[in-house]
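Report on one structure; see the data block that follows.
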Amino acid sequence: MPEGDTVWRTARRLDKALSGRLLTTCDIRVPQWAEVDLTGRPVLETVSCGKHLLTRFEQVTLHTHLKMEGSWHIYPVGSAWRSPAFQARVVLATESWQAVGFRLGIVDVVSRDDEHTVVGHLGPDLLGADWSIDEAARRVFSLPDRPVGEALLDQRNLSGVGNMYKAEVCFLLGVHPDTPVGQVDVVPQLLDKTHRLLVLNKDRAEQTTTGNTRRGHRLWVYRRAGQPCRRCGTRILADTFPTSDDLLHGVASRGALQSTPPNRRSARQPSAVDRPSEARVSFWCPSCQPSPT
């Protein structure tokens, strides 16, 4: 799943290609919005909000989300696409540039006044003007029995964190991702480190948390299961954990969520109308990040 800094860069690319220009083509290949035609309208801007993308026009907003497999490509008009046409969900073009959204997880068209219906539930944006470490901490602490790794991924607490940053900041602060929030005395430091890393990486094509940009040396534990810890040499471990797809992607809540006992990995159960939970992989060093007692 793309991290918030990747989505931020995508917004910048879309904004550079489309902003201030009239659309010559608008093809939304999603049944619900197939009749929407924004041709002839000027694009005002594209911004990111956590992991969400908002392409704004005078009266409406095109809301998209990459989820696990989506991407936006920018091409000179007339150029061949790098992905198959049947995967395209949105095609926007100006006289010079074409923006194609492939395999997008979410496509919505909403009134500018109704943007809150698609992003209003999100926590403070790590790369936004609304970032507030105090508010993010308040939200994280609202469920003290919840595993801290899952709390960091919940986009209602803070928006922009994916599995990579979750794994890396937990390692950097020496916190096992399964530790209940109420037992973690460095939650503000976790949030601050996450914010600093996203700011550091937002202009980079390749993310790094180690400070080393060489291939194979950029990360501490993420996707390094079975390899030696870069600090102590202990073998990195990995395990799956279930969590609601909606919480990970920051999809607007469609039902109440309830706390569950602390011995359960997932401290919140999705309502019947939430999407089914799916496994994610957590990475940690058993020496640098001892298991919670």
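For the sequence shown, the numbering used here assigns the number 58 to the initial residue and increments by one for each residue that follows. Glycine included, every Cβ here is placed at the ideal spot set by N, Cα and C.
Nearest residue (CA-CA) to residue i, options the options
{"i": "valine 107", "options": "Trp138, Thr63 and Arg160", "result": "The question names valine, but residue 107 is glycine in the sequence shown. Checked all of Trp138, Thr63 and Arg160; the closest Cα to glycine 107 is Thr63."}
{"i": "glutamate 126", "options": "Arg113, Ala145 and Phe114", "result": "Ala145"}
{"i": "threonine 96", "options": "Thr270, Asp72 and Ala150", "result": "Ala150"}
{"i": "lysine 124", "options": "His109, Arg272 and Gln116", "result": "His109"}
{"i": "glycine 283", "options": "Phe340, Arg253 and Asp235", "result": "Phe340"}
{"i": "lysine 250", "options": "Leu209, Ile85 and His130", "result": "Leu209"}
{"i": "proline 133", "options": "Ala156, Pro141, Lys223 and Thr266", "result": "Ala156"}
{"i": "arginine 280", "options": "Asn269, Lys223, Gly239 and Asp260", "result": "Lys223"}
{"i": "histidine 130", "options": "Ala74, Arg113 and Val243", "result": "Ala74"}
{"i": "arginine 78", "options": "Ser153, Phe198 and Gly206", "result": "Ser153"}
{"i": "leucine 161", "options": "Ala142, Ser76 and Arg169", "result": "Ala142"}
{"i": "isoleucine 163", "options": "Glu192, Ser128 and Asn220", "result": "Ser128"}
{"i": "glycine 231", "options": "Arg139, Val244 and Met221", "result": "Val244"}
{"i": "glutamate 263", "options": "Met221, Pro204 and Cys227", "result": "Met221"}
{"i": "glutamate 225", "options": "Val205, Asp242 and Arg213", "result": "Val205"}
{"i": "threonine 67", "options": "Ile190, Leu200 and Asp260", "result": "Asp260"}
{"i": "aspartate 296", "options": "Val338, Ala186 and Ser105", "result": "Val338"}
{"i": "histidine 122", "options": "Asp211, Met58 and Arg213", "result": "Met58"}
{"i": "phenylalanine 298", "options": "Ala91, Thr265, Asp235 and Leu257", "result": "Asp235"}
{"i": "aspartate 242", "options": "Ala91, Ser140 and Phe198", "result": "Phe198"}
{"i": "arginine 193", "options": "Ala186, Arg213 and Asp170", "result": "The sequence given here places alanine at residue 193; arginine does not occur at that position. Measuring from the Cα of alanine 193, the nearest candidate turns out to be Arg213."}
Residue j beta carbon less than 8 Å from that of residue i
{"i": "leucine 184", "j": "glycine 217", "result": "yes"}
{"i": "leucine 255", "j": "leucine 215", "result": "no"}
{"i": "leucine 80", "j": "arginine 69", "result": "no"}
{"i": "glycine 180", "j": "arginine 196", "result": "yes"}
{"i": "glutamate 172", "j": "leucine 111", "result": "yes"}
{"i": "glutamine 240", "j": "proline 349", "result": "yes"}
{"i": "tryptophan 188", "j": "leucine 229", "result": "no"}
{"i": "valine 93", "j": "serine 168", "result": "no"}
{"i": "proline 347", "j": "histidine 233", "result": "yes"}
{"i": "serine 136", "j": "valine 100", "result": "no"}
{"i": "tryptophan 65", "j": "serine 105", "result": "yes"}
Boundaries (first-last residue) of the beta strand (DSSP E) holding residue i
{"i": "threonine 118", "result": "117-122"}
{"i": "isoleucine 163", "result": "163-168"}
{"i": "glycine 158", "result": "154-159"}
Close Cβ partners of residue i (< 6 Å) along its chain, the five nearest in sequence each way excluded
{"i": "proline 319", "result": "Only weak support exists for where proline 319 lies, its pLDDT of 32 falling under 50; the value from the coordinates is given anyway. Asp202 and Pro237, listed in sequence order."}
{"i": "aspartate 72", "result": "Glu102 and Thr103"}
{"i": "arginine 113", "result": "Leu101 and Glu102"}
{"i": "glutamate 115", "result": "none"}
{"i": "tryptophan 90", "result": "Val166"}
{"i": "aspartate 84", "result": "Val148"}
{"i": "threonine 265", "result": "Arg275"}
Neighbourhood of residue i by C-beta, 8 Å cutoff - its chain only, sequence neighbours within 5 removed
{"i": "arginine 86", "result": "Ala145, Arg146, Val147 and Val148"}
{"i": "leucine 294", "result": "Ala282, Phe340, Trp341, Cys342 and Pro343"}
{"i": "cysteine 345", "result": "Phe228, Gly231, Cys286, Arg288, Cys289 and Thr291"}
{"i": "threonine 82", "result": "Thr96, Val148, Leu149, Ala150 and Gln155"}
Proximity test, residue i beta-carbon vs the ligand MG heavy atom, cut-off 7 Å
{"i": "arginine 288", "result": "This structure lacks the ligand MG; in fact it carries no ligand of any kind."}
Neighbourhood of residue i by C-beta distance below 7 Å, restricted to the same chain and skipping five residues each side
{"i": "aspartate 165", "result": "His120 and Val175"}
{"i": "histidine 274", "result": "Thr267"}
{"i": "threonine 270", "result": "Glu263"}
{"i": "aspartate 182", "result": "Cys106, Gly107, Trp188, Ser216 and Gly217"}
{"i": "arginine 321", "result": "Note that arginine 321 has pLDDT 33, beneath the 50 cutoff, so the model's placement of it is unreliable and the number below is only indicative. Hits under 7 Å: none found."}
Opening and closing residue of the alpha helix (DSSP H) in which residue i lies
{"i": "valine 205", "result": "205-210"}
{"i": "arginine 196", "result": "190-198"}
{"i": "valine 338", "result": "Valine 338 -> not in any alpha helix (DSSP H); beta strand (DSSP E) instead, spanning 334-341."}
{"i": "alanine 282", "result": "No alpha helix (DSSP H) contains alanine 282, which DSSP labels as neither H nor E."}
{"i": "methionine 58", "result": "Careful: methionine 58 lies outside any alpha helix (DSSP H) and carries neither H nor E."}
{"i": "asparagine 220", "result": "220-229"}
{"i": "histidine 173", "result": "173-176"}
C-beta neighbour in chain C for residue i, strict 8 Å
{"i": "valine 100", "result": "Although the question refers to chain C, the structure presented lacks it and comprises just one protein chain."}
(message) Which runs of the alpha helix (DSSP H) at least 4 residues long sit entirely within the stretch 243-272? Give them in chain order.
(response) 244-258
(message) Extract the residue ranges of the alpha helix (DSSP H) inside the stretch 71-144, only unbroken runs of 4 or more that lie entirely within it.
(response) none
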